Amino acid sequence: MPWEKSFDIDDVTDKAIAIFIDKGYEGTSMSDLIDGMGINKGSLYNAFGSKRELFSRALRRYDLTIRAAQLNDLAQKGDPVAAISGLFDHLIAEASSGADYRGCLLVNTALELPHQPDNIKEIVRESLGAVEAFFDDMIRKGQARGSISKSIDPEETATSLLSLVIGLRVLSRGTSAPGDLAAIRSAALRLIS
(Lines of atoms letter the chains of each structure in order from A and count residues from 1; the text may use other names and numbers.)
(Lines give C-alpha, C1' and ligand atoms only; values in the text may rest on other atoms or scores of the structure.)
Protein backbone atom coordinates (compact mmCIF):
# COMPACT_ATOMS: atom_id res chain seq x y z
CA MET A 1 0.00 0.00 0.00
CA PRO A 2 1.50 3.37 -1.00
CA TRP A 3 2.33 6.00 1.62
CA GLU A 4 -0.39 8.61 2.05
CA LYS A 5 0.37 11.84 3.85
CA SER A 6 -2.09 12.99 6.48
CA PHE A 7 -0.71 16.50 6.99
CA ASP A 8 -0.24 19.73 5.08
CA ILE A 9 3.31 19.96 3.72
CA ASP A 10 3.44 23.74 4.10
CA ASP A 11 2.19 23.62 7.70
CA VAL A 12 4.80 21.09 8.81
CA THR A 13 7.48 22.94 6.82
CA ASP A 14 6.57 26.11 8.73
CA LYS A 15 7.02 24.20 11.98
CA ALA A 16 10.42 23.01 10.75
CA ILE A 17 11.35 26.60 9.93
CA ALA A 18 10.74 27.62 13.55
CA ILE A 19 12.89 24.75 14.78
CA PHE A 20 15.74 25.53 12.37
CA ILE A 21 15.63 29.23 13.32
CA ASP A 22 15.87 28.30 16.97
CA LYS A 23 18.58 25.63 16.75
CA GLY A 24 20.25 25.98 13.36
CA TYR A 25 20.71 23.10 10.97
CA GLU A 26 23.53 21.40 12.87
CA GLY A 27 21.87 21.84 16.26
CA THR A 28 18.53 20.39 15.14
CA SER A 29 18.13 16.67 15.72
CA MET A 30 15.69 14.37 13.99
CA SER A 31 13.90 14.05 17.34
CA ASP A 32 13.53 17.85 17.47
CA LEU A 33 11.95 17.80 14.03
CA ILE A 34 9.64 14.86 14.66
CA ASP A 35 8.44 16.32 17.97
CA GLY A 36 8.15 19.88 16.70
CA MET A 37 6.50 19.03 13.39
CA GLY A 38 4.07 16.57 14.95
CA ILE A 39 4.79 13.79 12.45
CA ASN A 40 6.53 10.46 12.74
CA LYS A 41 9.96 9.60 11.39
CA GLY A 42 8.61 7.59 8.47
CA SER A 43 6.34 10.44 7.40
CA LEU A 44 9.24 12.89 7.58
CA TYR A 45 11.41 10.70 5.35
CA ASN A 46 8.56 9.91 2.95
CA ALA A 47 7.57 13.57 2.59
CA PHE A 48 11.02 15.19 2.55
CA GLY A 49 13.59 12.48 1.92
CA SER A 50 16.11 13.64 4.53
CA LYS A 51 16.84 16.30 7.10
CA ARG A 52 18.99 18.11 4.50
CA GLU A 53 16.16 18.12 1.93
CA LEU A 54 13.70 19.33 4.57
CA PHE A 55 16.10 22.12 5.48
CA SER A 56 16.46 23.12 1.83
CA ARG A 57 12.67 23.23 1.44
CA ALA A 58 12.29 25.16 4.71
CA LEU A 59 14.94 27.70 3.69
CA ARG A 60 13.37 28.19 0.25
CA ARG A 61 9.89 28.57 1.77
CA TYR A 62 11.18 31.05 4.35
CA ASP A 63 12.85 33.03 1.58
CA LEU A 64 9.68 33.21 -0.51
CA THR A 65 7.12 33.75 2.24
CA ILE A 66 9.11 36.09 4.47
CA ARG A 67 11.96 37.84 2.65
CA ALA A 68 10.45 38.08 -0.86
CA ALA A 69 6.96 39.01 0.36
CA GLN A 70 8.33 41.69 2.68
CA LEU A 71 10.52 43.32 0.05
CA ASN A 72 7.71 43.18 -2.50
CA ASP A 73 5.38 44.99 -0.09
CA LEU A 74 8.01 47.63 0.66
CA ALA A 75 8.82 48.13 -3.03
CA GLN A 76 5.19 49.06 -3.60
CA LYS A 77 5.56 52.16 -1.44
CA GLY A 78 5.60 55.33 -3.44
CA ASP A 79 8.63 56.67 -1.63
CA PRO A 80 11.93 54.74 -1.98
CA VAL A 81 13.39 56.34 1.16
CA ALA A 82 10.30 55.25 3.11
CA ALA A 83 10.71 51.74 1.71
CA ILE A 84 14.33 51.51 2.90
CA SER A 85 13.46 53.06 6.26
CA GLY A 86 10.45 50.74 6.52
CA LEU A 87 12.64 47.66 6.14
CA PHE A 88 14.89 48.72 9.02
CA ASP A 89 11.84 49.70 11.11
CA HIS A 90 10.31 46.27 10.50
CA LEU A 91 13.51 44.43 11.41
CA ILE A 92 13.87 46.40 14.65
CA ALA A 93 10.21 45.84 15.56
CA GLU A 94 10.58 42.13 14.86
CA ALA A 95 13.73 41.93 16.98
CA SER A 96 12.00 43.78 19.81
CA SER A 97 8.91 41.56 19.71
CA GLY A 98 9.99 39.36 22.59
CA ALA A 99 12.76 37.56 24.42
CA ASP A 100 12.33 34.46 22.29
CA TYR A 101 13.38 36.21 19.06
CA ARG A 102 15.97 33.97 17.37
CA GLY A 103 16.78 35.91 14.22
CA CYS A 104 16.40 35.29 10.53
CA LEU A 105 16.76 31.80 9.09
CA LEU A 106 18.67 33.12 6.06
CA VAL A 107 21.16 35.17 8.07
CA ASN A 108 21.52 32.42 10.67
CA THR A 109 22.25 29.98 7.82
CA ALA A 110 24.72 32.42 6.27
CA LEU A 111 26.68 32.24 9.52
CA GLU A 112 26.89 28.45 9.09
CA LEU A 113 27.60 28.63 5.34
CA PRO A 114 31.04 27.00 5.33
CA HIS A 115 29.34 23.82 6.59
CA GLN A 116 26.49 23.87 4.07
CA PRO A 117 26.20 22.14 0.68
CA ASP A 118 26.19 24.10 -2.56
CA ASN A 119 22.39 24.20 -2.96
CA ILE A 120 22.00 25.83 0.46
CA LYS A 121 24.80 28.29 -0.28
CA GLU A 122 23.02 29.20 -3.53
CA ILE A 123 19.69 29.85 -1.77
CA VAL A 124 21.42 32.15 0.73
CA ARG A 125 23.39 33.95 -2.02
CA GLU A 126 20.24 34.47 -4.10
CA SER A 127 18.25 35.74 -1.15
CA LEU A 128 20.89 38.16 0.11
CA GLY A 129 21.47 39.24 -3.49
CA ALA A 130 17.76 40.04 -3.77
CA VAL A 131 17.96 42.25 -0.65
CA GLU A 132 20.92 44.05 -2.17
CA ALA A 133 19.04 44.43 -5.48
CA PHE A 134 16.05 45.87 -3.57
CA PHE A 135 18.30 48.55 -2.07
CA ASP A 136 19.93 49.28 -5.43
CA ASP A 137 16.51 49.64 -7.07
CA MET A 138 15.17 51.89 -4.31
CA ILE A 139 18.28 54.10 -4.46
CA ARG A 140 17.97 54.48 -8.25
CA LYS A 141 14.26 55.28 -7.96
CA GLY A 142 15.01 57.80 -5.22
CA GLN A 143 17.67 59.40 -7.39
CA ALA A 144 15.24 59.62 -10.32
CA ARG A 145 12.68 61.31 -8.05
CA GLY A 146 15.22 63.61 -6.42
CA SER A 147 14.82 62.21 -2.90
CA ILE A 148 18.26 60.56 -2.91
CA SER A 149 21.40 62.37 -4.04
CA LYS A 150 22.73 61.44 -7.46
CA SER A 151 26.24 61.52 -5.98
CA ILE A 152 25.53 58.27 -4.12
CA ASP A 153 26.79 55.12 -5.83
CA PRO A 154 23.75 52.78 -5.89
CA GLU A 155 25.71 49.51 -6.02
CA GLU A 156 28.19 50.42 -3.30
CA THR A 157 25.49 51.85 -1.05
CA ALA A 158 23.24 48.81 -1.60
CA THR A 159 26.11 46.57 -0.47
CA SER A 160 26.64 48.73 2.62
CA LEU A 161 22.92 48.66 3.44
CA LEU A 162 22.89 44.88 3.09
CA SER A 163 25.80 44.63 5.52
CA LEU A 164 23.84 46.78 7.99
CA VAL A 165 20.81 44.49 7.65
CA ILE A 166 22.99 41.44 8.33
CA GLY A 167 24.64 43.16 11.27
CA LEU A 168 21.28 44.20 12.69
CA ARG A 169 19.95 40.64 12.32
CA VAL A 170 22.97 39.15 14.08
CA LEU A 171 23.08 41.73 16.88
CA SER A 172 19.33 41.50 17.44
CA ARG A 173 19.73 37.90 18.61
CA GLY A 174 20.37 39.20 22.09
CA THR A 175 23.71 40.97 22.06
CA SER A 176 22.46 44.53 21.59
CA ALA A 177 20.04 46.91 23.23
CA PRO A 178 17.17 48.37 21.18
CA GLY A 179 19.03 51.70 21.08
CA ASP A 180 21.94 50.01 19.33
CA LEU A 181 19.58 48.68 16.66
CA ALA A 182 18.12 52.17 16.20
CA ALA A 183 21.65 53.47 15.68
CA ILE A 184 22.10 50.97 12.84
CA ARG A 185 18.87 52.27 11.27
CA SER A 186 20.15 55.85 11.59
CA ALA A 187 23.45 54.88 9.95
CA ALA A 188 21.56 53.25 7.10
CA LEU A 189 19.48 56.35 6.48
CA ARG A 190 22.58 58.56 6.54
CA LEU A 191 23.95 56.49 3.65
CA ILE A 192 21.06 57.62 1.44
CA SER A 193 20.76 61.23 2.59
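Residues 147 to 339 (our numbering) make up the sequence shown, in order. Yeah, the Cβ is synthetic: ideal placement off N, Cα and C, and Gly gets one too. Small disclaimer: the values here were computed from a predicted structure and weren't measured.
(message) Whole angstroms are fine: how far does the CA of Ser231 sit from the CA of Arg336?
(response) Each residue's Cα considered, the two are about 11 Å apart.
(request) Ignoring anything shorter than 4 residues or poking outside the segment 233 to 279, list the alpha helix (DSSP H) runs there in chain order. (result) Within the segment 233 to 279, the complete alpha helix (DSSP H) runs of at least 4 residues fall at 251 to 257.
(request) Put Arg315 into one of helix, strand or coil per three-state DSSP. (result) Arg315 falls in the helix class under three-state DSSP.
(message) Which residue wins for smallest C-alpha separation from Ile338, given the options Thr305, Leu274 and Leu220?
(response) Nearest C-alpha to Ile338: Thr305.
(request) Hey, could you find the ends of the alpha helix (DSSP H) Gln216 is sitting in? (result) Ala215 to Ala221 is the extent of the alpha helix (DSSP H) around Gln216.
(request) Go ahead and pull the three-state DSSP assignment for Thr101. (result) With the chain covering only 147 through 339, there is no way to say anything about residue 101.
(message) Going by DSSP in three states, Thr174 sits in which element: helix, strand or coil?
(response) Coil.
(request) Determine, using beta carbons only, whether Ser202 and Ile266 come nearer to each other than 8 Å. (result) The beta carbons of Ser202 and Ile266 sit closer together than 8 Å.
(message) Using C-beta distances below 7 Å, list every residue in its chain close to Ile185, excluding the 5 sequence neighbours before and after it, in chain order.
(response) The residues are Phe153 and Val158.
(message) Tell me the residue span of the alpha helix (DSSP H) that contains Ser322.
(response) Where Ser322 is concerned, there is no enclosing alpha helix (DSSP H), because DSSP gives it neither an H nor an E.
(message) Let me check understanding here. Comparing Cα to Cα, which of Ile167, Glu172, Ile165 and Phe166 lies closest to Gln262?
(response) Nearest in C-alpha terms to Gln262, of all of Ile167, Glu172, Ile165 and Phe166, is Glu172.
(request) Would you mind giving the Cβ-Cβ distance between Ala256 and Tyr247, rounded to the nearest angstrom? I have them listed as a contact below 8 Å. (result) Contact between Ala256 and Tyr247 does not hold, since their C-beta atoms are separated by about 17 Å, which reaches or exceeds 8 Å.
(message) Assuming the contact rule is C-beta atoms closer than 8 Å, Leu310 and Ala334 should be a hit. Round their C-beta distance to whole Å, please.
(response) For a cut-off of 8 Å, the C-beta gap from Leu310 to Ala334 is around 5 Å, short enough to register as a contact.
(request) Please say whether Tyr208 and Leu251 have beta carbons closer to each other than 8 Å? (result) The answer is yes: Cβ separation under 8 Å.
(message) Restricting to Cα atoms, I'd like to know which of Leu308, Glu199, Glu272 and Gln216 is closest to Arg331.
(response) For the residues Leu308, Glu199, Glu272 and Gln216, the minimum Cα distance to Arg331 belongs to Leu308.
(message) Taking only three categories from DSSP, how would you classify Lys296?
(response) Residue state, collapsed to three classes: coil.
(message) Would Ala204 and Phe166 qualify as a contact pair, given that the criterion is a beta-carbon distance under 8 Å?
(response) Yes, the Cβ-Cβ distance between Ala204 and Phe166 is below 8 Å.
(request) Tell me where the alpha helix (DSSP H) around Leu190 begins and ends. (result) Looking at the DSSP string, the run of the alpha helix (DSSP H) that includes Leu190 is Lys187 to Phe194.
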